[in-house]
Amino acid sequence: STVVLVFEAPASNPNGPPGSGGFRFCVERGQTVKMGEALGIV
Amino acid sequence: LSEALRNTKTEWYAIPAALGIGVVGFTQIRKNSSKASEYESGGDRPEREKQIRPMGSWQVQIMSTIPLKLISYYWGRFNEIPLPVFMRAPGFKLYSWFFGVNLDEVAEPLESYRNLAEFFYRQLKPGCRPIDPRPNSVVSPADGKVLQFGEVRSGGMVEQVKGMTYSLDALLGTQGSIHSEGESPNAAALVKKKLEGKGVEPGQTTARSGKGGDSDPDAAVYQAEEEFANVNGISYTLPSLLSGAPKDTKRANSGDVSVPGTASDSLEVGREIAKGTASSWFANPDKRLFFAVIYLAPGDYHRFHSPVSWVVERRRHFAGELYSVSPWLQSRLKDLFVLNERVVLLGRWRHGMFSMTPVGATNVGSIRIHFDRELRTNTLTHNATKADEQGGFAEATYKGASALLGGYPITKGSEMGGFNLG
Chain A
33 STVVLVFEAP ASNPNGPPGS GGFRFCVERG QTVKMGEALG IV
Chain B
25 LSEALRNTKT EWYAIPAALG IGVVGFTQIR KNSSKASEYE SGGDRPEREK QIRPMGSWQV
85 QIMSTIPLKL ISYYWGRFNE IPLPVFMRAP GFKLYSWFFG VNLDEVAEPL ESYRNLAEFF
145 YRQLKPGCRP IDPRPNSVVS PADGKVLQFG EVRSGGMVEQ VKGMTYSLDA LLGTQGSIHS
205 EGESPNAAAL VKKKLEGKGV EPGQTTARSG KGGDSDPDAA VYQAEEEFAN VNGISYTLPS
265 LLSGAPKDTK RANSGDVSVP GTASDSLEVG REIAKGTASS WFANPDKRLF FAVIYLAPGD
325 YHRFHSPVSW VVERRRHFAG ELYSVSPWLQ SRLKDLFVLN ERVVLLGRWR HGMFSMTPVG
385 ATNVGSIRIH FDRELRTNTL THNATKADEQ GGFAEATYKG ASALLGGYPI TKGSEMGGFN
445 LG
């Protein structure tokens, strides 16, 4: 079975300093995750 | 033949009923196929009718001849057969060894699960799955493997990764139908209405953290710790409403609004909402659409939890097929997801639209949503309702859960439902 998430989030600012807002993923493709682990963060 | 026709005496007699039924059935099938061909050719149908009807590739055509739903249904029935007590522990241990289940995390003793279906839908011991504490994180809704993730490009196409491309419209249903109906005002409108009820024009709203002084009339409009909504007995201030944390998570002694996430963020969004600039689900100018696909293997914990704090406003049940969704098959069959049975949960979180779509598969065709008693998936008899005919899905809203929020509020990490065998 599969769960698909589609959501709206602030666009990340490629020119801004690191951590300047915007959503970015913090996983790799094919990575095994547990429920509750962060997939990404704004 | 001409002689036979000439010399044969004509006799009249009643035709058998079965033959009559056959004739009627044949004409009905012909009528449907002519309608389908007319549908295929397009013609002058109204725009709504030209909605997407995914047919899949030739492999899917062949697979569609296999009665997967029937197989899945009886697979579920088979797994509900109660096992003798002496067989349970060794049987589930064998299953766990084969599929890699961590038995240390299983909440109940193995003997307490009457059949494999119950063991499959097992719960875990408390504390086994800590939720990421950062307020702005999106967490995985389930155990599994991250198959895809990325940004949805303009035009609503989910990014092409390893051959998997699908359109959001086919996966979630069209966005327009949400707006055009206008029947369920979204949180933005509700917040705006409530503040306007206090005689505040959009753009004029100010909010203070801490105690606003009486001399500041705007502050009189809204005190940071003022109760804004009470949902199921839980009171919310505006900042906590937007971040999903109930009011009582505030540190009472400091008096300032300290809810998860930066208070100024939520207030800023509150202002935007009040000004009505965050009203569109998909097309907020300074936002992007992201997606992530989590694949649950047979041995994984099969209950799913909320990835963020959000308000679930409606659900769309696409009663599609039940093809396997194994990564191997996914990478070979285009548009697989938009063909399978799935339940699309649509709503809003602090940054805009949020959707979560559990997709069924042959062996796990039943999807349960705890707060949706009426949802029935993977049923042998599927009564086509008018909603089905309109968009290929049956839609229900959760307005009843909270009239003010227009949906069912759920916090990050709380259990939402799960997949059942068959």
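Protein sequence lines correspond, in order, to chains A and B.
Under this note's numbering, the first residue of the first sequence is numbered 33, with each subsequent residue one higher.
Under this note's numbering, the first residue of the second sequence is numbered 25, with each subsequent residue one higher.
Every residue gets a Cβ at the ideal spot worked out from N, C-alpha and C, and that includes glycine.
Report the residue from the options whose alpha carbon sits nearest the alpha carbon of residue i.
{"i": "serine 136 of chain B", "options": "B:Phe122, B:Val48, B:Pro108 and B:Gly431", "result": "B:Pro108"}
{"i": "phenylalanine 314 of chain B", "options": "A:Val35, A:Thr34, A:Ser33 and A:Phe55", "result": "A:Phe55"}
{"i": "glycine 68 of chain A", "options": "B:Arg138, B:Pro154, B:Arg54 and B:Leu148", "result": "B:Pro154"}
{"i": "glutamine 172 of chain B", "options": "A:Val35, A:Ala70, A:Arg61 and A:Gly72", "result": "A:Arg61"}
{"i": "leucine 148 of chain B", "options": "B:Phe123, B:Pro309, B:Tyr97 and B:Asp324", "result": "B:Asp324"}
{"i": "asparagine 402 of chain B", "options": "B:Leu92, B:Gly389 and B:Arg158", "result": "B:Gly389"}
{"i": "proline 382 of chain B", "options": "B:Arg374, B:Arg397, B:Pro91 and B:Arg339", "result": "B:Arg339"}
{"i": "lysine 423 of chain B", "options": "B:Phe417, B:Gly416 and B:Pro433", "result": "B:Pro433"}
{"i": "arginine 101 of chain B", "options": "B:Leu369, B:Asn387 and B:Ala343", "result": "B:Asn387"}
{"i": "glutamate 129 of chain B", "options": "B:Pro150, B:Gly344 and B:Tyr119", "result": "B:Pro150"}
{"i": "alanine 418 of chain B", "options": "B:Arg372, B:Arg397, B:Ala343 and B:Ala385", "result": "B:Ala343"}
{"i": "valine 38 of chain A", "options": "B:Thr435, B:Leu196, B:Phe144 and B:Ser330", "result": "B:Leu196"}
{"i": "lysine 66 of chain A", "options": "B:His394, B:Arg372, B:Tyr319 and B:Leu399", "result": "B:Tyr319"}
{"i": "proline 322 of chain B", "options": "B:Gly371, B:Gly384 and B:Glu365", "result": "B:Gly384"}
{"i": "histidine 394 of chain B", "options": "B:Leu25, B:Asn364 and B:Asn444", "result": "B:Asn444"}
{"i": "histidine 341 of chain B", "options": "B:Asp167, B:Met380, B:Gly376 and B:Ser161", "result": "B:Met380"}
{"i": "valine 7 of chain A", "options": "B:Ala28, B:Ala316, B:Ile90 and B:Val176", "result": "Any answer about residue 7 of chain A is impossible in this case: the structure gives chain A only from 33 up to 74."}
{"i": "isoleucine 105 of chain B", "options": "B:Glu142, B:Val125, B:Trp121 and B:Leu118", "result": "B:Glu142"}
{"i": "lysine 93 of chain B", "options": "B:Ala420, B:Arg312, B:Glu365 and B:Glu337", "result": "B:Glu365"}
{"i": "arginine 327 of chain B", "options": "B:Arg400, B:Gly441 and B:Met377", "result": "B:Gly441"}
{"i": "leucine 370 of chain B", "options": "B:Leu192, B:Pro114 and B:Tyr37", "result": "B:Leu192"}
{"i": "serine 333 of chain B", "options": "B:Trp373, B:Val367 and B:Asp310", "result": "B:Trp373"}
{"i": "phenylalanine 57 of chain A", "options": "A:Thr64, A:Ala43 and A:Ile73", "result": "A:Ile73"}
{"i": "lysine 436 of chain B", "options": "B:Val367, B:Gly46, B:Leu140 and B:Val162", "result": "B:Val162"}
{"i": "arginine 400 of chain B", "options": "B:Gly376, B:Gly430 and B:Gly446", "result": "B:Gly446"}
{"i": "proline 159 of chain B", "options": "B:Val335, B:Val368, B:Arg392 and B:Pro331", "result": "B:Pro331"}
{"i": "leucine 429 of chain B", "options": "B:Ser96, B:Glu337 and B:Tyr97", "result": "B:Glu337"}
{"i": "leucine 71 of chain A", "options": "B:Gly168, B:Pro133 and B:Ser96", "result": "B:Gly168"}
Under 7 Å Cβ-Cβ, which residues of chain A neighbour residue i?
{"i": "histidine 394 of chain B", "result": "Here the premise fails: no neighbours, minimum Cβ distance about 15 Å."}
{"i": "histidine 341 of chain B", "result": "By Cβ distance, chain A contributes nothing, its closest Cβ being about 15 Å from histidine 341 of chain B, past 7 Å."}
{"i": "valine 196 of chain B", "result": "It is worth fixing the name first, because residue 196 of chain B is leucine in this sequence and not valine. Those are Val38, listed as they occur along chain A."}
{"i": "leucine 127 of chain B", "result": "Correct list: empty, because the minimum Cβ distance to chain A is about 16 Å."}
{"i": "tyrosine 319 of chain B", "result": "Thr34"}
{"i": "leucine 369 of chain B", "result": "Correct list: empty, because the minimum Cβ distance to chain A is about 10 Å."}
Can you tell me where the alpha helix (DSSP H) with residue i in it begins and where it stops?
{"i": "alanine 312 of chain B", "result": "This sequence places arginine at residue 312 of chain B; alanine is not what is there. That residue, arginine 312 of chain B, is in no alpha helix (DSSP H); its beta strand (DSSP E) goes 311–319."}
{"i": "phenylalanine 395 of chain B", "result": "Careful: phenylalanine 395 of chain B lies outside any alpha helix (DSSP H) and carries neither H nor E."}
{"i": "methionine 111 of chain B", "result": "109–123"}
{"i": "phenylalanine 102 of chain B", "result": "92–103"}
{"i": "leucine 196 of chain B", "result": "192–196"}
List, in order along the chain, the chain A residues whose C-beta lies closer than 9 Å to that of residue i?
{"i": "proline 382 of chain B", "result": "Ser33, Thr34, Val35 and Val36"}
{"i": "arginine 501 of chain B", "result": "Residue 501 of chain B cannot be examined here, being either before or after the span of chain B that is shown, 25 to 446."}
{"i": "serine 379 of chain B", "result": "Val36, Leu37, Val38 and Phe39"}
{"i": "alanine 316 of chain B", "result": "Val35, Val36, Leu37, Val38, Phe39, Phe57, Val59, Leu71 and Gly72"}
{"i": "tryptophan 373 of chain B", "result": "Phe39, Glu40 and Ala41"}
Can you tell me where the beta strand (DSSP E) with residue i in it begins and where it stops?
{"i": "serine 26 of chain B", "result": "Not the beta strand (DSSP E): serine 26 of chain B falls in the alpha helix (DSSP H), residues 26–31."}
{"i": "glutamate 337 of chain B", "result": "334–342"}
{"i": "threonine 381 of chain B", "result": "376–383"}
{"i": "phenylalanine 328 of chain B", "result": "327–329"}
{"i": "leucine 369 of chain B", "result": "366–373"}
{"i": "leucine 19 of chain A", "result": "Outside the displayed span of chain A (33 to 74) sits residue 19 of chain A, for which this structure offers no information."}
{"i": "tyrosine 432 of chain B", "result": "432–434"}
{"i": "alanine 418 of chain B", "result": "418–421"}
{"i": "glutamate 40 of chain A", "result": "34–42"}
{"i": "methionine 440 of chain B", "result": "439–444"}
Under 8 Å between beta-carbons, which chain A residues line up against residue i? List them in chain order, please.
{"i": "glycine 376 of chain B", "result": "Phe39, Glu40 and Ala41"}
{"i": "alanine 385 of chain B", "result": "Ser33 and Thr34"}
{"i": "alanine 97 of chain B", "result": "A small correction: the amino acid at residue 97 of chain B is tyrosine; alanine does not occupy that position in the sequence shown. The premise fails here: tyrosine 97 of chain B is roughly 16 Å from chain A at the closest Cβ pair, so nothing lies under 8 Å."}
Exercise for the section: Select from the region 147–169 of chain B all residues with a C-beta closer than 7 Å to any C-beta belonging to chain A, and list them in chain order. Expected result: Taking 7 Å as the Cβ-Cβ cut-off against chain A, the residues of the region 147–169 of chain B that qualify are Arg153, Pro154, Ile155, Asp156, Arg158, Asn160, Ser161, Val162, Val163, Ser164, Pro165, Ala166, Asp167, Gly168 and Lys169.
Problem - Every unbroken beta strand (DSSP E) inside the region 135–175 of chain B [3 residues or more] - result: Runs of the beta strand (DSSP E) inside the region 135–175 of chain B: 161–163 and 168–175.
Exercise for the section: Note down, in chain order, all residues in the region 426–438 of chain B with a beta-carbon under 8 Å from any beta-carbon belonging to chain A. Expected result: Listed by position, the residues of the region 426–438 of chain B near chain A (Cβ gap below 8 Å) are Gly437.
Handout entry: Chain-ordered residues of the region 325–340 of chain B with a beta carbon less than 9 Å from chain A
Key = The region 325–340 of chain B vs chain A, Cβ under 9 Å: Tyr325, His326, Arg327, Phe328, His329, Pro331, Val332 and Trp334.
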